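Visitor: Mapped onto the numbering used here, the consecutive letters of the sequence shown carry residue numbers 183 to 583.
Built from N, CA and C at the ideal position, the CB exists for glycine as well.
Predicted model, so just to flag it, every value in this text is computed and none were measured.
There's a structure below that I have some questions on.
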Amino acid sequence: MKAVGIVVEYNPFHNGHLYHVQQTRKKTNADCIIAVMSSSFTQRGEPAIVPKWERARMALAGGVDLVVELPYPFAVQTAEWFAHGAISILDALFCEQLCFGSEHGNIDAFIEIAQLLINEKEQHDEKVKHYMKQGMSYAKAYALALNDIGHDILDMSQPNNILGLHYVKAIIEQQSKMIPETIQRTVAHYHDQTLPANESIASATSIRRFLQSGHDDVVRYVPKTTYETLQTYRHTYTTWHDWETYFPLLKYRLLTMEREDIRHIAEVEEGIEHRLQKAIAHATSFHGFLSAIKTKRYTWTRLQRICTHILTNVTKKEMAQAHKNKKATYIRLLAMNEIGRAYVRKVKKQTTLPIVTNVKHIYDDPVYHIEKKAAQAYMCILPEPLRTEALQREYATPPLR
Numbered sequence: 183m184k185a186v187g188i189v190v191e192y193n194p195f196h197n198g199h200l201y202h203v204q205q206t207r208k209k210t211n212a213d214c215i216i217a218v219m220s221s222s223f224t225q226r227g228e229p230a231i232v233p234k235w236e237r238a239r240m241a242l243a244g245g246v247d248l249v250v251e252l253p254y255p256f257a258v259q260t261a262e263w264f265a266h267g268a269i270s271i272l273d274a275l276f277c278e279q280l281c282f283g284s285e286h287g288n289i290d291a292f293i294e295i296a297q298l299l300i301n302e303k304e305q306h307d308e309k310v311k312h313y314m315k316q317g318m319s320y321a322k323a324y325a326l327a328l329n330d331i332g333h334d335i336l337d338m339s340q341p342n343n344i345l346g347l348h349y350v351k352a353i354i355e356q357q358s359k360m361i362p363e364t365i366q367r368t369v370a371h372y373h374d375q376t377l378p379a380n381e382s383i384a385s386a387t388s389i390r391r392f393l394q395s396g397h398d399d400v401v402r403y404v405p406k407t408t409y410e411t412l413q414t415y416r417h418t419y420t421t422w423h424d425w426e427t428y429f430p431l432l433k434y435r436l437l438t439m440e441r442e443d444i445r446h447i448a449e450v451e452e453g454i455e456h457r458l459q460k461a462i463a464h465a466t467s468f469h470g471f472l473s474a475i476k477t478k479r480y481t482w483t484r485l486q487r488i489c490t491h492i493l494t495n496v497t498k499k500e501m502a503q504a505h506k507n508k509k510a511t512y513i514r515l516l517a518m519n520e521i522g523r524a525y526v527r528k529v530k531k532q533t534t535l536p537i538v539t540n541v542k543h544i545y546d547d548p549v550y551h552i553e554k555k556a557a558q559a560y561m562c563i564l565p566e567p568l569r570t571e572a573l574q575r576e577y578a579t580p581p582l583r
């Protein structure tokens, strides 16, 4: 069986994702498509609109054969760490190819620049430091430094180009045998805020904004199963998971923490804790809070990740332990069809990482320690007894089939 990996968040699964899955199978002749999917929180530091179990169900209905979890220490991180965690899991599952969506659409450019970054690492790192000393964000400094060392063929302002470059770089650095491939994104851009009137593909951002504003008529932009899953979740739990809903919990955390404790939280640097505590006292919404603390140096995405780490109480020390080997330490199965199940049976005795269906087997793992805290924080906005039931589901749910 030929397995091909994809890295996803499915927040939520929409028609663009369906196109990606279909094109991946067509372009690679995959027998088994394996999706490694962010768990409760996303790479940009946002709570996923519905839990991972619902999103995994959407993925199966959309043609994915096997869904595995990208744990929090890699999912809520910079593009580099996000890529290293995802690639290590897909490599351990013996994926022959990786297929990602990108704005550029030509894999040769990604391979060329990834190799350049590895060969010219010291020079690039010095350039990044130079630009950051001028007050630029890491992302902006990274892109300018890349241009300086001789290449501007990739538009590094585009999020999927950035992630794609780091996927290819991680494949090379981990000496994986996976062959990367890319599919050009169509119609909707990642950050589009509005739903297109005459298209059936919209960005996940615009779909979430529409749902969170009280509307539910997104059936044109998502597969039927996604629509039904979203409707059922909203009806059962009465809420979407978004930052405004979590804001009272974040405010409580920041108002009751000592600054020294905030300083120990992952990604908190350069005295940002002072700015956080000063702004939170007057903030009445999450959007207003982030607007008050945003600077050129600290992008919206980085600040959201910091807020997520504060909410989940993840420290620098815990994150360093989880990142010790720069790779994931287990593979947690979330969902699979018959093809996925057959593939797991085929590889489970050969893989170097334990394949987990019951979390009791990884309870003391530093990566799962953080994942558990994130899952607990994620469920805290739900009313009782639904909250306790959802927490129990996190530990007791076997892989969906």
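Quick check: G283 and H202, are their CB atoms within less than 7 angstroms of each other?
Guide: Taking the sequence shown and counting its residues from 1, one reaches residue 283 at position 101. Taking the sequence shown and counting its residues from 1, one reaches residue 202 at position 20. Yes. Within cutoff.
Visitor: Inspect the CB distances between the stretch 266-282 and the stretch 508-515 and report whether three or more fall short of 8 angstroms.
Guide: At 8 angstroms Cβ cutoff, the stretches touch.
Visitor: Where DSSP assigns a beta bridge to Q366, which residues make up the other side?
Guide: Indexing the sequence shown from 1 puts residue 366 at position 184. According to DSSP, which records beta bridges pairwise, Q366 is partnered with S284.
Visitor: Sort out for me which residues DSSP pairs C214 with in a bridge.
Guide: Here residue 214 refers to the residue found at position 32 of the sequence shown. Note: C214 sits in a beta bridge opposite A185.
Visitor: For I513, which option in T497, H505, V541 has the closest C-alpha, if you only look at C-alpha atoms?
Guide: Here residue 513 is taken as the residue at index 331 of the sequence shown, counted from 1. The shortest C-alpha separation from I513 is found at V541.
Visitor: For Q279, which three-state DSSP category applies?
Guide: Counted from its first residue, the sequence shown places residue 279 at position 97. Strand at Q279.
Visitor: With DSSP as the reference, please indicate the residues paired to R416 in a beta bridge.
Guide: Along the sequence shown, read from residue 1 onward, the residue named residue 416 stands at position 234. Answer is none; R416 lacks a bridge partner.
Visitor: If you count every other CB in all the chains shown that lies within 10 Å of the CB of Y545, and 16 or more means buried, which is it?
Guide: Position 363 of the sequence shown holds residue 545. So Y545 ends up on the exposed side.
Visitor: Look at A265 and A185 and say whether their C-beta atoms are less than 7 angstroms apart.
Guide: Taking the first residue of the sequence shown as position 1, residue 265 is located at position 83. Taking the first residue of the sequence shown as position 1, residue 185 is located at position 3. Result no, Cβ atoms of A265 and A185 do not sit closer than 7 angstroms.
Visitor: If I measure Cβ to Cβ from P430 and keep anything under 7 angstroms in the same chain, skipping five residues before and after, which residues do I get?
Guide: For this step, residue 430 is matched to residue 248 along the sequence shown. Within the same chain, P430 has no close Cβ partners at all.
Visitor: What residues in its chain sit with their C-beta under 8 angstroms from that of A370, if we drop five residues either side in the sequence?
Guide: If you number the sequence shown from 1, residue 370 lands on position 188. With a pLDDT of 49 at A370, under the threshold of 50, the predicted position of this residue should be treated as unreliable, though the coordinate-derived value follows. Excluding residues within five positions, the ones whose Cβ falls inside 8 angstroms are G198, P378, E381, I383, A384, S385, S388.
Visitor: Are there 16 or more other CB atoms within 10 angstroms of the CB of R390, so buried, or fewer, so exposed?
Guide: Here residue 390 is taken as the residue at index 208 of the sequence shown, counted from 1. Result: buried.
Visitor: Would you be able to state if there are at least three C-beta pairs under 8 angstroms between the stretch 404-422 and the stretch 439-457?
Guide: Taking 8 angstroms as the limit for Cβ pairs, the verdict is that the stretch 404-422 does not touch the stretch 439-457.
Visitor: Just to confirm the assignment: which complete alpha helix (DSSP H) runs, minimum length 4, are found wholly within the stretch 438-509?
Guide: Fully enclosed alpha helix (DSSP H) runs of 4 or longer: 441-445, 454-462, 468-475, 482-494, 498-504.
Visitor: Report the rounded CA-to-CA distance for G346 versus R484, giving the unit in angstroms.
Guide: Looking up residue 346 in the sequence shown gives position 164. Looking up residue 484 in the sequence shown gives position 302. Approximately 19 angstroms, taken between the alpha carbons.
Visitor: How is S220 classed by DSSP in three states: helix, strand or coil?
Guide: As a position in the sequence shown, residue 220 is number 38, starting the count at 1. If DSSP states are grouped into helix, strand and coil, S220 belongs with the strands.
Visitor: What's the gap between the Cα of R445 and the Cα of K478?
Guide: The residue given as residue 445 occupies position 263 in the sequence shown. The residue given as residue 478 occupies position 296 in the sequence shown. The alpha-carbon atoms of R445 and K478 are separated by roughly 20 angstroms.
Visitor: Along the beta strand (DSSP E) that carries E308, what are the first and last residues, could you check?
Guide: Taking the sequence shown and counting its residues from 1, the one referred to as residue 308 is at position 126. Not the beta strand (DSSP E): E308 falls in the alpha helix (DSSP H), residues 303-315.
Visitor: With respect to the beta strand (DSSP E) encompassing E251, which residues constitute its N-terminal and C-terminal limits?
Guide: The count along the sequence shown starts at 1 and reaches residue 251 at position 69. First-last of the beta strand (DSSP E) with E251: 248-252.
Visitor: Quick one: residues in its chain with C-beta nearer than 7 angstroms to the C-beta of A559, no 5 flanking neighbours on either side, listed in chain order?
Guide: Residue 559 sits at position 377 when you count from the first residue of the sequence shown. Around A559: L493, T494.
Visitor: Should N342 and L336 be called a contact, given that it needs their Cβ atoms to be closer than 7 angstroms?
Guide: Mapped onto the sequence shown, residue 342 falls at position 160. Mapped onto the sequence shown, residue 336 falls at position 154. Contact flag unset, no.
Visitor: Return the Cβ separation of P255 and I488 in integer angstroms, given the expectation that the two are a contact with Cβ distance under 8 angstroms.
Guide: Stepping through the sequence shown from its first residue, residue 255 is reached at position 73. Stepping through the sequence shown from its first residue, residue 488 is reached at position 306. In fact, because the Cβ distance is near 15 angstroms, the residues do not count as touching under 8 angstroms.
Visitor: Using 7 angstroms as the threshold, is the C-beta distance between A291 and K309 below it?
Guide: As a position in the sequence shown, residue 291 is number 109, starting the count at 1. As a position in the sequence shown, residue 309 is number 127, starting the count at 1. Not closer than 7 angstroms, so no.
Visitor: Quick one: using the 10 Å Cβ neighbour count with 16 as the cut-off for buried, is D547 buried or exposed?
Guide: Residue numbering aside, residue 547 sits at position 365 when the sequence shown is read from its first letter. Counting Cβ neighbours within 10 Å, D547 comes out buried, since at least 16 surround it.
Visitor: Pull the bridge partners of I361 from the DSSP assignment, please.
Guide: To locate residue 361, count along the sequence shown from 1; it is residue 179. Per DSSP, Q279.
Visitor: Tell me the rounded alpha-carbon separation between T539 and S473.
Guide: Here the question's residue 539 lines up with position 357 in the sequence shown. Here the question's residue 473 lines up with position 291 in the sequence shown. Computed Cα separation, rounded: 41 angstroms.
Visitor: Can you tell me which residues form a DSSP beta bridge with V190?
Guide: Here residue 190 is taken as the residue at index 8 of the sequence shown, counted from 1. Paired residue(s): M219.
Visitor: Looking at the structure shown, is P229 part of a helix, part of a strand, or coil, going by DSSP?
Guide: The residue labelled residue 229 in the question sits at position 47 within the sequence shown. Here P229 sits in strand by DSSP.
Visitor: For P536, I'd like the list of residues in its chain whose CB is within less than 6 angstroms of its CB, leaving aside the five on either flank, ordered along the chain.
Guide: Residue mapping note: residue 536 aligns to position 354 of the sequence shown, counting from 1. Y512.
Visitor: If you reduce the DSSP assignment to three classes, tell me which class E571 lands in.
Guide: Here residue 571 corresponds to residue number 389 of the sequence shown, with the count starting at 1. Helix at E571.
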